[in-house]
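Below is one structure, written out as structure tokens; comments come after it.
Protein chains: 2
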Amino acid sequence: MIRTLADIPARLIATGRRYRYAVICGSDAGTLQAALRAVSAGFAEIQFFGHTDAVAAAVAAAGPLPEGSVSLIPAADDAEAARQAVSAVSHGRADVLMKGLIGTATMLRAVLDKQEGLLPSGGTLTHQAVAEWADYGKLLLCCDVAVIPFPTPQQRRVQVALAARTCRAMGIDTPRIALIHCSETASDKFPYTTDYAAIIAEAQRGDYGPCLVDGPLDLRTAIDAEALRTKGIESPLEGRADALIFPDIEAGNVFYKAITGMMHLRNACMMAGTTHPVVLPSRGDDADTKYNSMAMAALTLNRHA
Amino acid sequence: MIRTLADIPARLIATGRRYRYAVICGSDAGTLQAALRAVSAGFAEIQFFGHTDAVAAAVAAAGPLPEGSVSLIPAADDAEAARQAVSAVSHGRADVLMKGLIGTATMLRAVLDKQEGLLPSGGTLTHQAVAEWADYGKLLLCCDVAVIPFPTPQQRRVQVALAARTCRAMGIDTPRIALIHCSETASDKFPYTTDYAAIIAEAQRGDYGPCLVDGPLDLRTAIDAEALRTKGIESPLEGRADALIFPDIEAGNVFYKAITGMMHLRNACMMAGTTHPVVLPSRGDDADTKYNSMAMAALTLNRHA
Chain A
824 MIRTLADIPA RLIATGRRYR YAVICGSDAG TLQAALRAVS AGFAEIQFFG HTDAVAAAVA
884 AAGPLPEGSV SLIPAADDAE AARQAVSAVS HGRADVLMKG LIGTATMLRA VLDKQEGLLP
944 SGGTLTHQAV AEWADYGKLL LCCDVAVIPF PTPQQRRVQV ALAARTCRAM GIDTPRIALI
1004 HCSETASDKF PYTTDYAAII AEAQRGDYGP CLVDGPLDLR TAIDAEALRT KGIESPLEGR
1064 ADALIFPDIE AGNVFYKAIT GMMHLRNACM MAGTTHPVVL PSRGDDADTK YNSMAMAALT
1124 LNRHA
Chain B
824 MIRTLADIPA RLIATGRRYR YAVICGSDAG TLQAALRAVS AGFAEIQFFG HTDAVAAAVA
884 AAGPLPEGSV SLIPAADDAE AARQAVSAVS HGRADVLMKG LIGTATMLRA VLDKQEGLLP
944 SGGTLTHQAV AEWADYGKLL LCCDVAVIPF PTPQQRRVQV ALAARTCRAM GIDTPRIALI
1004 HCSETASDKF PYTTDYAAII AEAQRGDYGP CLVDGPLDLR TAIDAEALRT KGIESPLEGR
1064 ADALIFPDIE AGNVFYKAIT GMMHLRNACM MAGTTHPVVL PSRGDDADTK YNSMAMAALT
1124 LNRHA
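Shown next as structure tokens:
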């Protein structure tokens, strides 16, 4: 099982496969460093779309790389680079899309394009972040800290289904998924909590594949077995959640920024819900985070998850 | 200025005053220990309402205490103890109300009673937690992590006004108050963020007394000067907020449980918005937290804040 972020690229390397990444405007130092490290590690082939002069210089400076592991596709501008990269993914020439030094809006316009994009009609784009918290002894998946403001019942179900898939791709046979709320009691004051029981029932009948879903749980009872005992609450998750589904983006975002900004936990992030995983790092992400995010995205291509 | 939780009782002791606490059913070990410590420290007189046999035994075991610093008022049941304690406060015989081993609902029924309670008609009851985060070098006030689900515009204004007052009571002449959101951009998708500008304008014209209010700010840009610079954002708070106003209880609660449960930050809590401060500890609070919470509540009696 994967217990640390470093286990993720290690798992990919162990497969002996090379995953194909389409990187848009990958000319910033962090993206270049992450991409070339993935190439050197042997699990990545990179197609760089746009900003090819800067990329070519960095590739040359990197020294010898595995045969055919890097290709450069020039583009007239960033929007064109994004369109070409998305097209490479949607036509099966790449497995994972990744953002470099390009505006998020410009990139998302290509990803979400109704004709040529990567989001199926009626689909839901959602963010997944996986954090490494040493005290916990395993990774913790957080959904969604960045994209969906106030999930509709349908969007929350997509979040649960995709959380279960991503956890299974990380080697957890029966992921434990917590539906977070400020207490353990469903209430009409918080309409989404009254829907949690239906989601749990759907999980029990197998709608989301093998997984255990419980909620409402507060953050403590989701991830702290002792807090669960102190409160006298029974939960099939036993205070050992693998994934947290936050009630809204405000809660998810505050959590993510507390664990990264105050606790300095390392993490990896990706967008899910698209036909292929999309790596869309934050401005502040360092090369190591980008590298782990690239690995996380490729791991979710696992078809058995 | 107060920079640590320990500074709070130290400040009270320095006043030489004895603050009068009405404690309801204070027979649990944590409440007794906190209350008797406050008495021994010299800043507290305690009136124990209900559970007087158990309290009397603990008081006897504690050894000599300052003259007249403890009194015991028996009650037929917990609800009666709560009513008597609230009455002592509302009739000026005590300054602070505190919960012991009594159901929260039973206690709140007495506090919120329209005739005899402590909440003015049309008033707003809100929760304040102050956390000690060593890396930050000062205390951080969090509003509201426990009581108001989705603050109305009016409730948010009360939160801001009371946050400013509590910070001033802690010796901060011009408290920095951050209106939290998942980004720094107000948007119609998050209707409360479009109200933030009006609150800031009200603060500038002095509606909340001396204070600096800014938002929307995300958690990072509220409390991390470097994150602010990296994002290229100007804020009068300079990444040094004294108080965080969370958009909703879900965000506040997740933050509070992350900093207490994962980071193990120490904190003190109270209820504000009532005519007198109310100490209503969580089940899991230890004696030290209860002691600091008692001190925090008395400090907010400072009339100049």
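In the order they appear, the protein sequences are chains A and B.
Count along the first sequence from 1, then add 823; that gives the number in our numbering.
Count along the second sequence from 1, then add 823; that gives the number in our numbering.
The beta-carbon is built from N, C-alpha and C at its ideal position, and this holds for glycine as well.
Neighbourhood of residue i by C-beta, 8 Å cutoff - its chain only, sequence neighbours within 5 removed
i	result
B/F1078	C965, V968, L1042, L1067 and F1069
B/T929	D901, A902 and A905
B/L985	T949, Q951, C966, A1095 and G1096
B/P897	G873 and T875
B/L1035	T997, P998, R999, I1000, A1026, P1059 and L1060
A/F866	P832, L835, I836, T838, R840, R841, Y842, A1118 and A1121
Residues near residue i in its chain [Cβ-Cβ closer than 6 Å; skip 5 each side]
i	result
B/A1120	V919, M1093, P1100 and V1102
B/A1118	I831, P832 and L835
A/R916	none
A/S892	V862 and E868
B/K961	R826
A/F871	V846, G849, V878 and L895
B/F973	D1071
A/R843	E868, A917 and D918
Residue i (DSSP reduced to helix, strand or coil)
i	result
B/C966	strand
B/Q938	coil
A/C1092	strand
A/I1000	strand
B/S944	coil
B/R991	helix
A/I847	strand
B/K1080	helix
B/S1058	coil
B/G954	Reading off the sequence, residue 954 of chain B comes out as Ala, not Gly. Note: B/A954 maps to strand in three-state DSSP.
A/G825	For clarity, residue 825 of chain A is Ile in the given sequence; the question names Gly instead. DSSP places A/I825 in coil when its eight states are reduced to three.
A/K961	strand
B/I836	helix
B/A1066	strand
A/S1105	coil
B/S1116	helix
B/T1123	coil
A/T1016	helix
B/T1098	coil
B/T854	helix
Nonlocal neighbours in the same chain, by C-beta distance under 7 Å from residue i, ignoring five residues either side
i	result
A/L1122	I831, R834, L835, A992 and M993
B/G940	V909, A933 and V934
A/L1088	A954, E955, W956 and I1082
B/V912	A845, L920, L941 and H1099
B/K1113	G853, T854, A857 and P1104
B/C990	L964, P998, D1065 and A1066
B/A885	L859
A/I995	M824 and D1065
A/D1011	T1017
Of all the residues that make up the segment 1074-1098 of chain B, which are near chain A by a beta-carbon distance shorter than 7 Å? A1074, N1076, V1077, F1078, K1080, A1081, I1082, G1084, M1085 and M1086
Let me know the beta strand (DSSP E) ranges lying completely inside the segment 864-905 of chain A, each 3 residues or longer, listed in chain order. 867-872 and 893-896
Members of the segment 1047-1064 of chain A near chain B, C-beta cut-off 8 Å: D1047, A1050, T1053 and K1054
Kindly provide the ranges of any beta strand (DSSP E) runs that are 3 or more residues long and lie completely inside the segment 1021-1055 of chain B, ordered along the chain. 1035-1040
Compile a chain-ordered list of the residues in the segment 957-972 of chain B whose CB is closer than 7 Å to at least one CB of chain A. P972
Cβ pair count under 8 Å reaching 3, the segment 938-955 of chain A against the segment 1028-1047 of chain A: no
Any 3 or more C-beta pairs closer than 8 Å across the segment 846-857 of chain A and the segment 923-932 of chain A: yes
Touch test, the segment 1005-1021 of chain A against the segment 1082-1093 of chain B, Cβ-Cβ under 8 Å, three pairs minimum: no
Closer than 8 Å is the cut-off here; do at least three beta carbon pairs connect the segment 1103-1118 of chain A with the segment 974-992 of chain A? no
Name the residues in the segment 1007-1022 of chain A whose C-beta lies less than 7 Å from a C-beta of chain B; which are they? K1012 and F1013
Which runs of the beta strand (DSSP E) spanning at least 3 residues fall entirely within the segment 906-934 of chain A, listed in chain order? 919-922
Closer than 9 Å between beta carbons: that is the criterion. Which residues of the segment 983-1006 of chain B meet it against chain A? I1003, H1004, C1005 and S1006
Note down, in chain order, all residues in the segment 839-865 of chain B with a beta-carbon under 9 Å from any beta-carbon belonging to chain A. none
Give, in chain order, every residue of the segment 886-902 of chain B whose Cβ lies closer than 8 Å to some Cβ of chain A. none
Taking a cut of 9 Å between CB atoms, which residues from the segment 1106-1124 of chain B lie near chain A? R1106 and G1107
Would you list, in chain order, the members of the segment 1031-1047 of chain B that have their beta-carbon closer than 7 Å to a beta-carbon of chain A? D1041, L1042, R1043 and D1047
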